[in-house]
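Residue numbers (the numbering used here): 269 to 695. Think of the CB as a built atom: it goes at the ideal place given N, C-alpha and C, for glycine as much as any other residue. Model, not experiment: these values are computed from the prediction. Read the structure below first, then the notes.
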Amino acid sequence: MVNMQSGLRTRAALPMADQRRELPLTLLFLAASVLVAATAGFALGAWLLLSSSLGLPLPSGGWAPLVQLHGHAQLVGFAGLLVMGIGYRVFPRFRGAAAPAARLVLLSFALVAIGLALRSALLWPDLGARPLLLLLSGTLEVAGAALYAGIVLDVLSRGENEHRPDEALIALGALWYPVGATWAFVALLPAILGAPTADAVATEASVAVLLLGFIASNVAGVSLRVAPAFIAAPPASARVIVAGAGLWYLGILATTLRVGGAPVALLAGALLLAFAVGPFRATGARQPLPAHARLTRFAFRASYAWLVLGVAILAAAWLSPWPIAGATTAARHALALGFLMSIIFGVGARLVPALTGGVAFLAPAVWAALALTNAAAALRVASELAGRGDGVTSVALAMSGLFAYAALAVFAVSAARTVRSALRGFA
Numbered sequence: 269m270v271n272m273q274s275g276l277r278t279r280a281a282l283p284m285a286d287q288r289r290e291l292p293l294t295l296l297f298l299a300a301s302v303l304v305a306a307t308a309g310f311a312l313g314a315w316l317l318l319s320s321s322l323g324l325p326l327p328s329g330g331w332a333p334l335v336q337l338h339g340h341a342q343l344v345g346f347a348g349l350l351v352m353g354i355g356y357r358v359f360p361r362f363r364g365a366a367a368p369a370a371r372l373v374l375l376s377f378a379l380v381a382i383g384l385a386l387r388s389a390l391l392w393p394d395l396g397a398r399p400l401l402l403l404l405s406g407t408l409e410v411a412g413a414a415l416y417a418g419i420v421l422d423v424l425s426r427g428e429n430e431h432r433p434d435e436a437l438i439a440l441g442a443l444w445y446p447v448g449a450t451w452a453f454v455a456l457l458p459a460i461l462g463a464p465t466a467d468a469v470a471t472e473a474s475v476a477v478l479l480l481g482f483i484a485s486n487v488a489g490v491s492l493r494v495a496p497a498f499i500a501a502p503p504a505s506a507r508v509i510v511a512g513a514g515l516w517y518l519g520i521l522a523t524t525l526r527v528g529g530a531p532v533a534l535l536a537g538a539l540l541l542a543f544a545v546g547p548f549r550a551t552g553a554r555q556p557l558p559a560h561a562r563l564t565r566f567a568f569r570a571s572y573a574w575l576v577l578g579v580a581i582l583a584a585a586w587l588s589p590w591p592i593a594g595a596t597t598a599a600r601h602a603l604a605l606g607f608l609m610s611i612i613f614g615v616g617a618r619l620v621p622a623l624t625g626g627v628a629f630l631a632p633a634v635w636a637a638l639a640l641t642n643a644a645a646a647l648r649v650a651s652e653l654a655g656r657g658d659g660v661t662s663v664a665l666a667m668s669g670l671f672a673y674a675a676l677a678v679f680a681v682s683a684a685r686t687v688r689s690a691l692r693g694f695a
């Protein structure tokens, strides 16, 4: 029978020696991820929404560099560092392999974190050192992403466990990271040469690769592995997983190269992957799911519903003979807010205690984070598709930003509670 208690009694979820040795690095990635989200991520996003809706002032650099920095910080800083930190812990266990060398893990963190911090030079076009800082930023991020990819591929190539098809999503997701970081570096070239902002086309390509290729692919791969234990999801056939992954990567490649039909391939891939993960199918449990598993199942369902909706919006915009206002921005936030945040705040509430050995998140806090996240995503997507600049839309956008920040606050407080209990256990 499926182990429904996996991740609930987290103190014994991983060997105590492994928790003691690897906890500092896990906390480093988790803390940095939340810090970025609380500043350049959700906070800056909320400020931008309040500025557009209520007229709050912006720095002299203006709107464009702030938006570019916000999007990059959310993908590389918040979601990216979280994916890296969790991946370094769980991928060796998926394979039955030894953990990667701590010095390499720490180096990859330093390269990405410093590169991300230096990217803030975009906001000061008159800064004399701006070209050098941006050059270093792009170089360090590419190096950190390449090192992460190398570490993950090495881990996946080792180990005693039988290879499984979800590892293809994880491996290719790791490979997409340096590709996305390279596009982000290319986007900086005009600013390095003196332009006030990064290149818009290269920025769009980097967002697509980082969001769809690096982060979403890793999320899907981990989902396939943990869903049977967390929500008693029935396993999918390898053919379904491989077909879904193939269509998904074809869509990402076509999106990056700006080839027509990319959204249709993405939609087909998303549907197959959502089916493979299994949150909408009958469970494999012989008894009703306990409360914590039902909560996690809701997070899975919400997340993969947003994934399908996001790419469906893109597909509808491509197929429609008439332009759909705000479709690209609406789809992006369906994916970044709805898909990613639901999985991070919902399933992360199970993974963080399991990886740290701390107490489980309180169910009301997880429900609150998920409710706020989905409300924020719904308001943002609906407002973008409405395409109006009236008072109702302005208020909806402002509320979306505030709800998203509140969801982050709930998750951060819950994670801090779990971490404190873990540290007390090692005292």
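Own chain partners of residue i with C-beta closer than 6 Å, once the 5 adjacent residues on each side are dropped
| i | result |
| --- | --- |
| N429 | R363, G364 |
| M284 | Bear in mind that a pLDDT of 48 at M284, under 50, signals an unreliable position, so the number given afterwards is only what the model happens to contain. Taken in chain order, the list of residues that qualify is empty. |
| T450 | V410 |
| T465 | A332, P333 |
| A617 | F629, V634 |
| V344 | L384 |
| L350 | S301 |
| A683 | V620 |
| A511 | L540 |
| A570 | S610, N642 |
| F453 | G406, V410 |
| A413 | Y445, P446, A449 |
Beta-carbon proximity of residue i to residue j, cut-off 9 Å
| i | j | result |
| --- | --- | --- |
| T294 | T624 | yes |
| G614 | V634 | yes |
| F310 | Q342 | yes |
| V576 | L630 | no |
| P360 | A369 | no |
| A385 | R398 | no |
| I509 | L541 | yes |
| L404 | G427 | no |
| G305 | A533 | Per the sequence presented here, residue 305 reads as Ala, with Gly not at that position. Their beta carbons are not under 9 Å apart, which means A305 does not touch A533 by this criterion. |
| G537 | A513 | yes |
| L653 | V358 | no |
| L582 | A595 | yes |
| N486 | G355 | yes |
| I460 | G396 | no |
| A473 | A455 | yes |
| A639 | A672 | no |
| G528 | W586 | yes |
| L535 | A347 | no |
| L691 | L291 | yes |
| A622 | A675 | no |
| V477 | T524 | yes |
| V627 | S668 | no |
Residues near residue i in its chain [Cβ-Cβ closer than 7 Å; skip 5 each side]
| i | result |
| --- | --- |
| A411 | L379 |
| V270 | No answer about V270 holds up, because its pLDDT of 38 lies below 50 and its placement is not dependable. |
| E565 | Correcting the residue identity first, residue 565 is Arg in this sequence and not Glu. Counting only Cβ-Cβ distances below 7 Å, and skipping sequence neighbours, we find I499, P547, L557. |
| A280 | Bear in mind that the predicted position of A280 carries a pLDDT of just 37, short of 50, making it unreliable; the figure below should be weighed with that in mind. Counting only Cβ-Cβ distances below 7 Å, and skipping sequence neighbours, we find nothing. |
| S274 | With a pLDDT of 37 at S274, under the threshold of 50, the modelled position of that residue is not reliable, and the figure given next carries that caveat. So the list reads A497, F498, once near-sequence residues are dropped. |
| A703 | What is shown of the chain runs 269 to 695, which leaves residue 703 out entirely. |
| H340 | R387, A452 |
| G655 | A593, G594 |
Limits of the alpha helix (DSSP H) - the one that residue i falls within
| i | result |
| --- | --- |
| T551 | From DSSP, T551 is part of no alpha helix (DSSP H); its letter is neither H nor E. |
| E435 | 434-460 |
| I612 | 609-614 |
| L334 | 331-340 |
| W635 | 631-654 |
| W590 | First-last for W590: undefined, no H or E at that position. |
| T249 | The first residue shown for the chain is 269 and the last is 695, placing residue 249 beyond what the model contains. |
| G383 | 370-386 |
| P496 | 485-499 |
| T471 | 468-476 |
| P531 | 530-545 |
| D422 | 398-425 |
| F359 | 349-363 |
Own chain residues within Cβ distance below 8 Å of residue i, not counting five before or after
| i | result |
| --- | --- |
| V545 | A488, S491, L492, A495, A501, A504, F568, Y572 |
| L665 | L317, S320, S321, L647, R648, S651 |
| A417 | A442, L443, Y445, P446 |
| H338 | A308, G309, L312, G313, L316 |
| L415 | L372, L375, S376, L379 |
| F543 | A504, V508, G512, R549 |
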